[in-house]
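Residue numbers (our numbering), protein chains in the order written: chain A, 1 to 159; chain B, 160 to 318.
We put the CB at the ideal spot given by N, CA and C, even for glycine.
Note that the coordinates shown come from a computational prediction; the quantities given were computed from them, not determined experimentally.
First the structure, in the form of structure tokens, and then the observations on it.
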DNA sequence: TATTGTTATACTCTATAACTATA
DNA sequence: TATAGTTATAGAGTATAACAATA
């Protein structure tokens, strides 16, 4: 037990996961109509989001980053490629690897979907007390950025 | 667009779902070793949590409350019943229904698991700025209590 | 031999449909 | 006939294993 612990609040609140997981499910459900309107699936959107920041050098790295499997994203990449939303170019330096990048059209789709989604999210956040809203976003950004190993005492499968 | 909207912060942050869903996954992963130590699966733990507050009158209601399917919880209830952690008594007033309740042993297991889980969660929350932590929990409790319909403009399947 | 991408296969999870009993 | 619980089946989603190309 940590020595600086405030009262462990054993019955004071639900488990974080018990609140966060269903909340995530509701947020996903709110995204689905938007995604459907652009004929896009959740994994496809995840790929577009990940590629926005910077191109990615291998499909395996992309898969890992979005929490998927390298075998699972292939059909997704095929689909995005067919529509001209991403490019898959063989790396000249290592022809085994594929340089993944967003096309201008892909970026346009991504921006359009994301602003619709975030507009809806802002509608929810607007219902919060301003101070809570700020603390919520600060804390969420911090926690979401924590590497997976930080969540368990036990080492998580990580080799 | 809401008239009181602050700047929609289009590129300012990730989508809420994109932060919350992976965070939920990490929190679940952190729970798994604890659950395994009690030879309990996630759905079983969900059932114990739901039964804690008050007994439930039908299995279908229990399933709905924990976001499961009435056919899916049967094996889970069988298992919890076999271990003596829950009771399934036919309702004398309507012998089709099963009154579901926690046994003292079930409550003991639930408490033990939950305090281990929340102890770990407190370790994470302790890393937050105190004001953020408070805002985070306030906002989370509010958002987690929102009914599913509040998340979409479109009516969600609800008949 | 090791790695990237790919395909094929098997497995797990979940939902749909059909059945029994009570009402 | 309708509802609660149960069982059996089918489907979607996911991971594991084997393969081809390149290093």
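Membership of residue 118 of chain A in the alpha helix (DSSP H) is indicated by the continuous run 104 to 125.
Secondary-structure assignment with DSSP links residue 224 of chain B through no beta bridge to anything. Listed along the chain, the chain B residues whose CB falls inside 7 Å of the CB of residue 27 of chain A are 175, 176, 179 and 310. In this chain, the alpha helix (DSSP H) harbouring residue 292 of chain B covers 289 to 304. Inter-residue distance for residue 250 of chain B and residue 31 of chain A is about 41 Å (C-alpha atoms, whole angstroms). When A/150, A/117 and A/131 are compared, the shortest CA-CA separation from residue 175 of chain B is found for A/117.
Sequence-distant Cβ neighbours of residue 268 of chain B in its own chain, meaning closer than 8 Å and more than five residues away, are 197, 199, 207 and 244. Taking a cut-off of 8 Å for Cβ pairs, the region 280 to 287 of chain B and the region 212 to 230 of chain B do not touch, as fewer than three such pairs fall below it. The three-state reading of DSSP puts residue 89 of chain A in strand, counting E and B together.
DSSP places residue 25 of chain A within a helical segment (H, G or I) once states are collapsed to three.
Neighbours of residue 291 of chain B across chain A, judged by C-beta separation under 7 Å: 135, 138 and 139.
According to the DSSP secondary-structure assignment, residue 101 of chain A is paired through a beta bridge with A/87.
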